[in-house]
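Undergrad: Below you will find the structure I want to go over with you.
Residue numbers (the numbering used here): 1447 to 1693.
This is how it looks when you write it as structure tokens:
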């Protein structure tokens, strides 16, 4: 019985030859082993790629964190510098930093309102000029161009006004504004001539300039030279009196 259960082996020239079924099994095992090895290699490559990506993400996050911290540090330094400058300016002007901030906001609002009013006025004047030009009438005078400069204790107003003498310029000053009135020639210099192009100013014009600080009206000075009007306006600086505290 035992001899019948044994699988026959083929012997050829002293070598054992496997049956076809045994060869198929061996081949199948070899192929499977090769596939397993390939899968392991691919899994290893994917694992390495994932590890590399995780490393790159970590490095990027670290770099971003450093950049953010550096940016915050720069902002803090700039804020500290601005605060110190503001404190110095407010101390010179006899105000607390909060009062200085409020004053600057009000000033910008006034300046913005003045610019809007000037723009509307210029637009209306231009519209009227366009209507008049159709009838070949002299156009209205243009408003003078003005620069306003400030130091800690003085406001300077500089205006370009050409084609007139100083007697034709009027200046009105209040504690927070300056009004300029300029009188140009009423008519062209050549009689019985018609315009083919009109760009010069004729007639009277005025402009009000809002100031960011109160000024000493009675100490104002003006100079007109080479078609440039310069007005010097000392600022009103509140005197601060220190009071000793009794024991």
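C-beta: ideal position from N, C-alpha, C; glycine also.
Using only CA atoms, which one of 1505, 1535, 1624, 1682 lies nearest to residue 1652?
TA: Locating residue 1652 in the chain shown gives position 206, where the first residue counts as 1. Here the closest residue by C-alpha is 1624.
Undergrad: Nearest to residue 1618 by alpha carbon, out of 1496, 1691, 1677?
TA: The residue you call residue 1618 lines up with position 172 of the chain shown. Of 1496, 1691, 1677, the residue nearest in Cα terms is 1677.
Undergrad: DSSP has residue 1653 in a bridge; who is on the other side?
TA: As a working mapping, residue 1653 is identified with position 207 in the chain shown. BP columns for residue 1653 point to 1626.
Undergrad: What is the rounded straight-line gap between the Cα of residue 1638 and the Cα of residue 1648?
TA: As a working note, residue 1638 is residue 192 in the chain shown. As a working note, residue 1648 is residue 202 in the chain shown. Each residue's alpha carbon lies about 17 Å from the other.
Undergrad: Please state the DSSP three-state secondary structure of residue 1599.
TA: Indexing the chain shown from 1 puts residue 1599 at position 153. Coil.
Undergrad: Just to confirm, are residue 1675 and residue 1606 a CB contact at a threshold of 9 Å?
TA: The residue labelled residue 1675 in the question sits at position 229 within the chain shown. The residue labelled residue 1606 in the question sits at position 160 within the chain shown. Against a cut-off of 9 Å, the Cβ pair of residue 1606 and residue 1675 comes out as a contact.
Undergrad: Nearest by alpha-carbon distance to residue 1611: which of 1550, 1690, 1512, 1631 is it?
TA: Working through the chain shown from its first residue, we reach residue 1611 at position 165. Of the candidates 1550, 1690, 1512, 1631, the one whose C-alpha sits nearest the C-alpha of residue 1611 is 1631.
Undergrad: Should residue 1601 be labelled buried (16 or more other beta-carbon atoms within 10 Å of its own) or exposed?
TA: To locate residue 1601, count along the chain shown from 1; it is residue 155. So residue 1601 ends up on the buried side.
Undergrad: For the beta strand (DSSP E) containing residue 1590, name the first residue and the last one.
TA: As a first step, residue 1590 is located in the chain shown; it is residue number 144 there, counting from the start. Run containing residue 1590: none; DSSP gives neither H nor E here.
Undergrad: Just curious, the beta strand (DSSP E) that residue 1674 is in, first and last residue?
TA: The residue labelled residue 1674 in the question sits at position 228 within the chain shown. Element bounds for residue 1674: 1674–1680.
Undergrad: Does the Cβ of residue 1521 have 16 or more other Cβ atoms within 10 Å, making it buried, or fewer, making it exposed?
TA: Position 75 of the chain shown, counting from 1, holds the residue named residue 1521. So residue 1521 counts as exposed.
Undergrad: Can you tell me whether DSSP reads residue 1689 as helix, strand or coil?
TA: Taking the chain shown and counting its residues from 1, the one referred to as residue 1689 is at position 243. Looking at residue 1689 - three-state DSSP - the assignment turns out to be coil, as it is neither helix nor strand.
Undergrad: Going along the chain, which residues of its own chain have a beta-carbon closer than 6 Å to the beta-carbon of residue 1655, five neighbours each way excluded?
TA: Against the chain shown, residue 1655 aligns to sequence position 209. Once the five neighbours on either side are set aside, the close Cβ partners of residue 1655 are 1592, 1624.
Undergrad: Whose C-alpha, out of 1615, 1634, 1620, 1621, is nearest the C-alpha of residue 1627?
TA: Position 181 of the chain shown, counted from the start, is the residue given in the question as residue 1627. Comparing Cα positions, the closest option is 1615.
Undergrad: Taking the alpha carbon of residue 1662 as the point to measure from, which residue in 1682, 1673, 1672, 1645 has its own alpha carbon closest?
TA: Stepping through the chain shown from its first residue, residue 1662 is reached at position 216. Comparing Cα-Cα distances from residue 1662 to each of 1682, 1673, 1672, 1645, the minimum goes to 1682.
Undergrad: Give the DSSP-derived three-state secondary structure of residue 1525 in the structure shown.
TA: The sequence position of residue 1525 within the chain shown is 79, counting from 1. Three-state DSSP puts residue 1525 in a helix.
Undergrad: Please name the residue or residues paired with residue 1605 in a DSSP beta bridge.
TA: Position 159 of the chain shown, counted from the start, is the residue given in the question as residue 1605. Looking at the DSSP assignment, residue 1605 forms a beta bridge with 1592, 1675.
Undergrad: May I have the straight-line CA-CA distance separating residue 1488 from residue 1518, to the nearest angstrom?
TA: For the purposes of this step, residue 1488 is taken as residue 42 along the chain shown, with counting starting at 1. For the purposes of this step, residue 1518 is taken as residue 72 along the chain shown, with counting starting at 1. Residue 1488 and residue 1518: Cα-Cα distance of roughly 45 Å.
Undergrad: Helix or strand or just coil, what does DSSP make of residue 1647?
TA: Taking the first residue of the chain shown as position 1, residue 1647 is located at position 201. DSSP places residue 1647 in coil when its eight states are reduced to three.
Undergrad: What residue from 1620, 1670, 1598, 1634 has the CA that sits closest to residue 1534's CA?
TA: As a working note, residue 1534 is residue 88 in the chain shown. Checked all of 1620, 1670, 1598, 1634; the closest Cα to residue 1534 is 1598.
Undergrad: Considering Cα atoms alone, identify which of 1658, 1692, 1673, 1691 is closest to residue 1547.
TA: Start at 1 with the first residue of the chain shown, and residue 1547 comes out as number 101. Out of 1658, 1692, 1673, 1691, 1658 has the C-alpha closest to the C-alpha of residue 1547.
Undergrad: Taking a contact to mean a Cβ-Cβ separation below 9 Å, would you say residue 1621 touches residue 1665 in this structure?
TA: Here residue 1621 refers to the residue found at position 175 when the chain shown is read from its first residue. Here residue 1665 refers to the residue found at position 219 when the chain shown is read from its first residue. For residue 1621 and residue 1665, no; Cβs fall outside 9 Å.
Undergrad: How big is the Cα-Cα spacing for residue 1673 and residue 1608?
TA: Position 227 of the chain shown holds residue 1673. Position 162 of the chain shown holds residue 1608. Roughly 5 Å between the two C-alpha positions.
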